[in-house]
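For the sequence shown, position 69 matches number 69 in UniProt numbering, and the numbering has no gaps at all. Where is the CB? At the ideal position from N, CA and C, for every residue including glycine. In this text the structure is predicted, and so the values were computed from the model without any measurement. Read the structure below first, then the notes.
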Amino acid sequence: MEERLQKVLANAGVASRRKCEELITAGKVMVNGEVVSELGVKADPTKDIITVSGKAIKKEAKVYIMFNKPKGVITSVSDPQGRSVVTDYLKEIKERLYPVGRLDYDSEGLLLMTNDGDLAHKLMHPSHHVPKTYHATVERVPHGNALEKLQNGIKLEDGVTAPAEVEYHDIDPEKKFATISITIHEGRNRQVRRMFDAIHHPVTRLKRISFGGLVLGNLQRGKNRRLTAEEVSKLMESVAEVAIVPGTATAETAED
């Protein structure tokens, strides 16, 4: 797939995107034997021969990783405050990976990591309504009519939520807490927590157990594994039917 040349170079590890733009305007980049000195040119790194100062860039293989993010880890590739980030747990993987969407600092569970920018963008775009399922442990036990409000859509400060799939997963015998399984198809900022706040049952623990057909299963906290070819195919199929119109809204960055 064709992408802007500076992005292709940055993804190949040549330099930062801004530095790659400088290399292009300086006439140091060639595509299929021709010098490219203007920004905006696109290239396909899987088909085109791209060189920088006479050296061919490496063609990075697409990598898809399921990671079980622990609580207290930042969903980012770096943190100016020096806190633990998700890529700290993926140092054995040579390719540069980026998280698809986010789990906030206090949340845990399934996080998809990849260097496939096109698939990541489609999975995060609201037009595809990618399902995300969480186990939310909340204070006390919500009555059935409270859960019905979540199922039907509940008013938050940024609008009414889309209908959710909600059911009891576990209930404390002393009724001090309950774990609710909730599936949403949106990606608003801290959405699940705000939904339960709205019915007066604050979340004390939040774990994502599935995303777009992927299931966390028994993958241990802090561990990762590569997706199977079948899992990657299913992800691609799930976002293949809806075409994204340039300029349309994108999903929020923090999904829970």
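- Query: Between K132 and I184, is the Cβ-Cβ spacing less than 7 Å?
  - Reply: The residue given as residue 132 occupies position 132 in the sequence shown. The residue given as residue 184 occupies position 184 in the sequence shown. For the 7 Å CB-CB criterion, K132 and I184 form a contact.
- Message: Please report the straight-line C-alpha distance between P70 and I180, rounded to a whole angstrom.
- Response: One-based indexing of the sequence shown puts residue 70 at position 70. One-based indexing of the sequence shown puts residue 180 at position 180. Distance from the CA atom of P70 to the CA atom of I180, rounded to whole angstroms, is 19 Å.
- Status (buried if at least 16 other CB within 10 Å, exposed otherwise) for E34: Here the question's residue 34 lines up with position 34 in the sequence shown. When all chains shown are included, E34 counts as exposed.
- Using the C-alpha atoms, what's the distance from R102 back to G187? Within the sequence shown, residue 187 is the residue found at index 187, counting from 1. Within the sequence shown, residue 102 is the residue found at index 102, counting from 1. C-alpha separation (whole angstroms): 9 Å.
- Task: Go through the region 184-250 residue by residue and report every complete run of the beta strand (DSSP E) that reaches 3 residues or more, in order.
- Result: Here the runs fully enclosed are 203-211 and 224-226.
- Message: Please classify T228 as buried or exposed, where buried requires at least 16 neighbouring CB atoms within 10 angstroms.
- Response: Counting from 1 along the sequence shown, the entry for residue 228 is found at position 228. With fewer than 16 Cβ atoms within 10 Å of its Cβ, T228 is classed as exposed.
- Message: Considering Cα atoms alone, identify which of G213, Q220 and P142 is closest to V203.
- Response: Position 203 of the sequence shown, counting from 1, holds the residue named residue 203. For V203, the nearest C-alpha among the options comes from P142.
- Message: Please report the distance separating the alpha-carbon of K234 from that of I199.
- Response: Residue mapping note: residue 234 aligns to position 234 of the sequence shown, counting from 1. Residue mapping note: residue 199 aligns to position 199 of the sequence shown, counting from 1. Computed Cα separation, rounded: 35 Å.
- Name the DSSP bridge partner or partners of K182? Taking the sequence shown and counting its residues from 1, the one referred to as residue 182 is at position 182. A small correction: the amino acid at residue 182 is Ile; Lys does not occupy that position in the sequence shown. DSSP, once it has assigned bridges, lists Y134 and V166 as partnering I182.
- Item | Close beta carbons around A146, own chain, < 6 Å, minus the five adjacent residues each side | Counting from one through the sequence shown, the residue named residue 146 turns up at place 146. I199, listed in sequence order.
- Message: So the candidates are V138, Q81 and I182; which of them puts its Cα closest to the Cα of A162?
- Response: Against the sequence shown, residue 162 aligns to sequence position 162. Closest by alpha carbon: I182.
- State the Cα-Cα distance for the pair G153 and E167, rounded to the nearest angstrom. Residue mapping note: residue 153 aligns to position 153 of the sequence shown, counting from 1. Residue mapping note: residue 167 aligns to position 167 of the sequence shown, counting from 1. Cα-Cα distance, rounded: 15 Å.
- Query: Who are the Cβ neighbours of I244 in its own chain at under 7 Å, not counting the five residues just before and after it?
  - Reply: Residue 244 sits at position 244 when you count from the first residue of the sequence shown. With a pLDDT of only 44 at I244, under the threshold of 50, the placement of this residue in the model should not be trusted; the figure read from the coordinates follows. If we look at I244 and ignore the five residues flanking it on each side, its Cβ neighbours are K122, H125 and S127.
- Query: Smallest Cα separation from G27: which of E174, I65, I50 and N189?
  - Reply: Counted from its first residue, the sequence shown places residue 27 at position 27. Taking the Cα of G27 as reference, the smallest distance to any Cα among E174, I65, I50 and N189 is reached at I50.
- Item | Same chain only: Cβ atoms within 6 Å of A10, ignoring 5 sequence neighbours per side | In the sequence shown, the residue the question calls residue 10 occupies position 10. Closer than 6 Å at Cβ, skipping near neighbours: R17 and C20.
- Message: Measuring only the C-alpha atoms, how far is Y134 from A56?
- Response: Reading the sequence shown from its first residue, position 134 is the one you call residue 134. Reading the sequence shown from its first residue, position 56 is the one you call residue 56. Rounded to whole angstroms, the gap between the alpha carbons of Y134 and A56 is 44 Å.
- Query: For L206 versus S84, is the C-beta distance shorter than 7 Å?
  - Reply: Here residue 206 corresponds to residue number 206 of the sequence shown, with the count starting at 1. Here residue 84 corresponds to residue number 84 of the sequence shown, with the count starting at 1. Not in contact: L206 and S84 (Cβ atoms no closer than 7 Å).
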